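These notes concern the structure reproduced below.
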Amino acid sequence: MFKKIRVRYAPSPTGYLHIGGARSALFNYLYAKKYNGDFVFRIEDTDVERNIPGAEVSQLHDLIWLGIIPDESPEIPNPKYAPYRQMEKLDIYKKYADELVEKGYAYECYCSEEELAEMKEEQLSRGVKSFKYDRHCLNLTEEEKAKYIAEGRKPVIRLKMESGVTFKFDDLVRGEVSFKSDDIGDFVIMKSNGIPTYNFAVVVDDHLMEISHVLRGEEHLSNTPKQLQIYKYFGWEAPTFGHMTIIVNENGKKLSKRDNNIVQFVSQYKELGYLPEAIFNFLFLLGWTSEDNNEIFTKEEAIKAFDPKRLSSSPSMFDNKRLKYTNSYYIKHLDDEKYFEFVLPFVKKVAELNSKSENELKSIALIFKNEINTGAEIVEHLNEIFDLNKSMSEEDEEMMSLDSSKLVIDEFKKELSNLDEINHETVKALFKNVQAATGVKGKNLYMPIRLKLTKVPHGIEMYNIIGILGKDECLSRLN
Ligand code: GLU
């Protein structure tokens, strides 16, 4: 029977939406949209101590901001599959864990932390590389259990791994992958406080929510055989898995949260003035190679182009330059009204522009439409123009000390004080007049004025600088 495509993104509410998480969410979303499926957002909140209030909502809303819009979530649950938070379904996990215990597929373990540490130590001393629980509690009698309980011990539940079995699956990204069950110890599925572990809860959730495909980070690859064992014990059909490659920085190192050269959280991108369409596009190419090397994809184009077979199987490099380029591309292609909506909040951060009208702010904003890579950059550009506390380079100081520079500045001042309207034409004519009066031209004509007004030798066109600063401020700077 044809099975509906249902995929999910299942973050833990332990922080803001990370760029890696957003990428996983994006590819699940594309999968769903490509094949008319559902994209589910649900919450893995069983690591109670690490949960942060507000993290769930901020992650969900950052996803929606990116255009990765869930069909189901704690905010829009489908009653058939609710609840969407693991801590709200502890009774369900308990029921399934009990079932495994009854069938002999799982068992209570009373070993204490100290005993487990000793066990690990002992295995290590024998040269065992990866620790495996020694099944001390596998066949406890009722009396032994009663004795432990009397001591105040509370059991965890461990899954009993089958021996001599190979778990094979066809990974969407890496093809056939296999794991030997003998390499995996009996792992905990329920903690002594009645809270399930990730590997158990995720299987129950994926099964009950009828998830058909799981696209997630490579770090979960080694969890998959554990999950397959659980599916097998229940007789449930496992979803199709795909493990996406890691994201690396420009030095080829795995992206770490401490990597200061890379902005890591979607909320930071929002604050810095990145457009959601640009991040969406960038993330799409961070795990995907387009057939014709096209770099610009709208959401609709990404959905159309998506094919799970083209998910990249080598690490994806986080290319800051491409990210900036992509954002500037989307900024340039905004229509002016959308551009104002996007950029005016940034322009309004510049205190010196407080007295300007909305229309004046819009004209100033337009000057930078083709200049900026991010919204925050317009603030930098404007601050640079207004800031007189910076010092000039030696070369620029030299230029200013030329006799011709003094001549040009004096003449320019005179001309400017008589100027009524500042625009491209009038300022061009003004420079012509100064040239005629002083005989100075080219760099020696323009540079002293630019340096006198902004102290930097580059930037937007002079008439724009004069327009932004205003005539009075320019005259006072020229003095
Ligand atoms: N909460 C897990 C994570 O954020 C989800 C893993 C999964 O998709 O199975 O990595």
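One point on numbering: in my numbering, the residue at position 374 of the sequence shown is 365, and numbering is uninterrupted.
Glycine included, each C-beta is placed from N, C-alpha and C at the ideal position.
None of the values given here were measured: they were computed from a predicted structure.
* To do: Tell me where the beta strand (DSSP E) around threonine 231 begins and ends.
  => Reading the sequence shown from its first residue, position 240 is the one you call residue 231. Segment 231 to 235, the beta strand (DSSP E) holding threonine 231.
* Measuring alpha carbon to alpha carbon, tell me which of Phe403, Phe18, Ala427, Glu343 ends up nearest arginine 207. => Within the sequence shown, residue 207 is the residue found at index 216, counting from 1. The shortest Cα separation from arginine 207 among Phe403, Phe18, Ala427, Glu343 belongs to Phe18.
* Give a single yes or no on whether glutamate 40 has its beta carbon closer than 8 angstroms to a heavy atom of the ligand GLU. => Counting from 1 along the sequence shown, the entry for residue 40 is found at position 49. No, Cβ of glutamate 40 sits at least 8 angstroms from all heavy atoms of the ligand GLU.
* **For cysteine 465 and asparagine 414, the rounded distance between their alpha carbons** => Within the sequence shown, the letter at position 423 stands for residue 414. Within the sequence shown, the letter at position 474 stands for residue 465. Going by the C-alpha atoms only, they are around 14 angstroms apart.
* Residues near tyrosine 72 by beta carbon distance below 8 angstroms, same chain, minus five either side -> Taking the first residue of the sequence shown as 1, we reach residue 72 at position 81. Hits under 8 angstroms: Val31, Glu63, Leu199, Met200, Glu201.
* May I ask whether a heavy atom of the ligand ATP can be found less than 8 angstroms away from the beta carbon of valine 195? => With respect to the ligand ATP, the structure shown offers nothing to examine, as its ligands consist of the ligand GLU.
* Asked: Within 8 angstroms: the Cβ of glycine 208 and any heavy atom of the ligand GLU?
  -> Position 217 of the sequence shown, counted from the start, is the residue given in the question as residue 208. Glycine 208: yes, Cβ under 8 angstroms from the ligand GLU.
* Assuming isoleucine 376 contacts isoleucine 322 (C-beta within less than 8 angstroms), just tell me the rounded distance between them. => Locating residue 376 in the sequence shown gives position 385, where the first residue counts as 1. Locating residue 322 in the sequence shown gives position 331, where the first residue counts as 1. Their Cβ separation, rounded to whole angstroms, is 19 angstroms, which puts isoleucine 376 and isoleucine 322 out of contact at 8 angstroms.
* Could you please give me the residues that DSSP links to alanine 97 through a beta bridge? => Here residue 97 corresponds to residue number 106 of the sequence shown, with the count starting at 1. Paired residues: Leu150.
* **Per-residue DSSP class, three states only, for histidine 9** => Translated into the one-based positions of the sequence shown, residue 9 becomes position 18. Three-state DSSP puts histidine 9 in a strand.
* Asked: Helix or strand or just coil, what does DSSP make of leucine 283?
  -> Stepping through the sequence shown from its first residue, residue 283 is reached at position 292. In the sequence as presented, leucine is not what sits at residue 283; that position holds aspartate. Coil at aspartate 283, not helix or strand.
* Asked: Which ranges would you report for the beta strand (DSSP E) in the stretch 293 to 321 if only whole runs of at least 3 residues count?
  -> none
* Within 10 angstroms of the Cβ of glutamine 259, are there 16 or more other Cβ atoms? Answer buried if so, exposed if not. => Taking the first residue of the sequence shown as position 1, residue 259 is located at position 268. Per the 10 Å Cβ criterion, exposed.
* To do: Could you name the residues that DSSP lists as bridge partners for serine 408?
  => Walking along the sequence shown from the start, residue 408 turns up at place 417. Paired residues: none, contrary to the question.
* **Contacting residues, own chain, Cβ-Cβ under 7 angstroms from lysine 145 (five flanking each side not counted)** => Here residue 145 refers to the residue found at position 154 of the sequence shown. These residues qualify, in order along the chain: Ser183.
* Asked: For leucine 212, which three-state DSSP category applies?
  -> Position 221 of the sequence shown, counted from the first residue, corresponds to residue 212. Note: leucine 212 maps to helix in three-state DSSP.
* On the premise that threonine 429 lies in contact with valine 399, defined as a C-beta separation below 8 angstroms, what is that separation, rounded to the nearest angstrom? -> Within the sequence shown, residue 399 is the residue found at index 408, counting from 1. Within the sequence shown, residue 429 is the residue found at index 438, counting from 1. Valine 399 to threonine 429, Cβ: 6 angstroms. Contact.
* Asked: Is glutamate 47 helix, strand or coil by DSSP?
  -> As a first step, residue 47 is located in the sequence shown; it is residue number 56 there, counting from the start. DSSP places glutamate 47 in helix when its eight states are reduced to three.
* To do: Starting from aspartate 29, follow the beta strand (DSSP E) in both directions and report where the run begins and ends.
  => Here residue 29 refers to the residue found at position 38 when the sequence shown is read from its first residue. Looking at the DSSP string, the run of the beta strand (DSSP E) that includes aspartate 29 is 29 to 32.
* Fully enclosed by the stretch 147 to 198, which beta strand (DSSP E) runs are 3 residues long or longer? -> 147 to 150, 157 to 162, 166 to 171, 179 to 181
* Asked: By Cβ distance, which residues of its chain are closer than 7 angstroms to aspartate 387, with the 5 residues on each side in sequence left out?
  -> Position 396 of the sequence shown, counted from the first residue, corresponds to residue 387. Only Leu442, Pro448 meet the Cβ criterion.
* DSSP beta-bridge partners for isoleucine 238? -> In the sequence shown, residue 238 corresponds to position 247, counting from 1. Answer by DSSP bridge pairing, in chain order: Ser307.
* Hey, would you say the C-beta of proline 2 is under 8 angstroms away from at least one heavy atom of the ligand GLU? -> Locating residue 2 in the sequence shown gives position 11, where the first residue counts as 1. Proline 2 Cβ: within cutoff of the ligand GLU.
* Whole-angstrom C-beta distance between leucine 357 and asparagine 475, which should lie under 8 angstroms -> Given that the chain is displayed from residue -8 to residue 470, the structure contains no residue 475 and the question cannot be resolved.
* Asked: Going by the C-beta, is histidine 204 closer than 8 angstroms to any heavy atom of the ligand GLU?
  -> Counting from one through the sequence shown, the residue named residue 204 turns up at place 213. For the ligand GLU, not one heavy atom lies less than 8 angstroms from the Cβ of histidine 204.
* Can you find a heavy atom of the ligand GLU that lies under 8 angstroms from the Cβ of serine 15? -> The residue labelled residue 15 in the question sits at position 24 within the sequence shown. Serine 15: yes, Cβ under 8 angstroms from the ligand GLU.
* Can you tell me the Cα-Cα spacing of serine 392 and valine 370, whole angstroms? -> To locate residue 392, count along the sequence shown from 1; it is residue 401. To locate residue 370, count along the sequence shown from 1; it is residue 379. Their backbone Cα atoms lie some 31 angstroms apart in a straight line.
* Asked: Taking C-alpha atoms, which residue in Ser305, Phe337, Leu469, Lys419 lies nearest to leucine 379?
  -> Within the sequence shown, the letter at position 388 stands for residue 379. Nearest C-alpha to leucine 379: Leu469.
* Asked: What are the boundary residues of the beta strand (DSSP E) that includes arginine -3?
  -> Within the sequence shown, numbered from 1, the residue matching residue -3 stands at position 6. Run containing arginine -3: -3 to 0, per the beta strand (DSSP E) assignment.
* Classify proline 44 as buried or exposed, calling it buried when 16 or more other Cβ atoms lie within 10 Å of its own Cβ. => What you label residue 44 is simply residue 53 of the sequence shown in a count that begins at 1. It is exposed - the Cβ of proline 44 has fewer than 16 other Cβ atoms within 10 Å.
* Let me know the secondary structure DSSP gives isoleucine 63 once reduced to three states. => Residue numbering aside, residue 63 sits at position 72 when the sequence shown is read from its first letter. In the sequence as presented, isoleucine is not what sits at residue 63; that position holds glutamate. DSSP places glutamate 63 in strand when its eight states are reduced to three.
* Asked: Which class does arginine 144 belong to by DSSP, given the choice of helix, strand or coil?
  -> Indexing the sequence shown from 1 puts residue 144 at position 153. If DSSP states are grouped into helix, strand and coil, arginine 144 belongs with coil.
* Can histidine 449 be considered in contact with the ligand GLU, in the sense that its beta carbon sits closer than 8 angstroms to one or more heavy atoms? -> Residue mapping note: residue 449 aligns to position 458 of the sequence shown, counting from 1. False, no ligand heavy atom lies under 8 angstroms from that Cβ.
* Cβ-Cβ separation, methionine 235 to serine 3 (assumed contact under 8 angstroms), whole Å -> What you label residue 3 is simply residue 12 of the sequence shown in a count that begins at 1. What you label residue 235 is simply residue 244 of the sequence shown in a count that begins at 1. About 18 angstroms; that fails the 8 angstroms criterion.
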